[in-house]
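Q: One structure is given below, represented as structure tokens, and several questions about it will come after.
In my numbering, the protein residues as written are 4 to 275.
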């Protein structure tokens, strides 16, 4: 694992290989995750792309500012774009899951030439309705307070949300690894992240999706009713998108990694 300083914070990342004949794939994890949530996918991905994993701000081994303003979308987008510049590679594909998907989408729309395509797992384009966005911001603040008061109880309640229940048997080792990744996070940093870049704080980009004409692969679990509906709508907003439903809950990469790889392999291989 390497570290790079960008805009006075450090990001931990790993460039898993550098084969000039293969496309690059930058992978962004979700809330309470780290680059380690993708570890079980890397060996297969290396056969047809150059995976790059990174700990997003406030997570894993990256810096953990206590000020929520530092997690503002504009600052995180600038961080990512500078990170890619410093890597000095061909424009990568950008993969994002949930919170990481929202950041991936906003970053791609901010600088289309910086990326060759998008893979969005369990991702939305923001909350367009102002009243609903205000309500979600209130929920985000309540969750932040719970994290501050009793992180282990919050984590237990979070894991039991319907959103994360899988319709298929999940590998127990992968589940335990995921739990350990979440348990090792720093509560104060998670609180700042949730206040600064929670779904309620994000400026929606739903009206801008038509501007992205490069290939997009949308992924959502069959048991994740909310994101099934969201992605059935998103696929029609992009000029060049496909939507794949995979037997899984919200965390498709955890619940059904084999089917996930079956879907993303041909998509990425088109960029060879």
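Even glycine gets a Cβ: it sits at the ideal position worked out from N, Cα and C.
For clarity, every value in this text was computed on a predicted model and none was experimentally measured.
Nearest to residue 55 by CA position, among 141, 246, 269, 86, is which residue?
A: It is 86 whose Cα lies nearest to the Cα of residue 55.
Q: Determine the direct distance from the alpha carbon of residue 134 to that of residue 4, and round the result to whole angstroms.
A: Distance between the alpha carbons of residue 4 and residue 134: 42 Å.
Q: Checking the sheet assignment: what are the DSSP bridge partners for residue 54?
A: Per DSSP, 28.
Q: So, with DSSP's three-state summary, where would you put residue 17?
A: Reduced to three states, the DSSP call for residue 17 is strand.
Q: Could you tell me which whole beta strand (DSSP E) segments of length 3 or greater appear in the segment 49-133?
A: Runs of the beta strand (DSSP E) inside the segment 49-133: 53-57, 96-100, 120-124.
Q: Return the first residue and the last residue of the beta strand (DSSP E) that residue 6 is part of.
A: From DSSP, the beta strand (DSSP E) with residue 6 extends over 5-9.
Q: Cβ of residue 66 within 8 Å of Cβ of residue 255?
A: No. Outside cutoff.
Q: Give me the residue from 202, 240, 216 with the minimum Cα distance to residue 209.
A: Among 202, 240, 216, the Cα nearest to that of residue 209 belongs to 240.
Q: Beta-carbon separation of residue 117 and residue 96 under 8 Å?
A: For residue 117 and residue 96, no; Cβs fall outside 8 Å.
Q: Which one of 52, 59, 12 has the shortest CA to CA distance from residue 200?
A: With distances taken between Cα atoms, residue 200 lies closest to 59.
Q: How would you label residue 187, buried or exposed, when you count the other beta carbons within 10 angstroms and need 16 or more for buried?
A: It counts as exposed.
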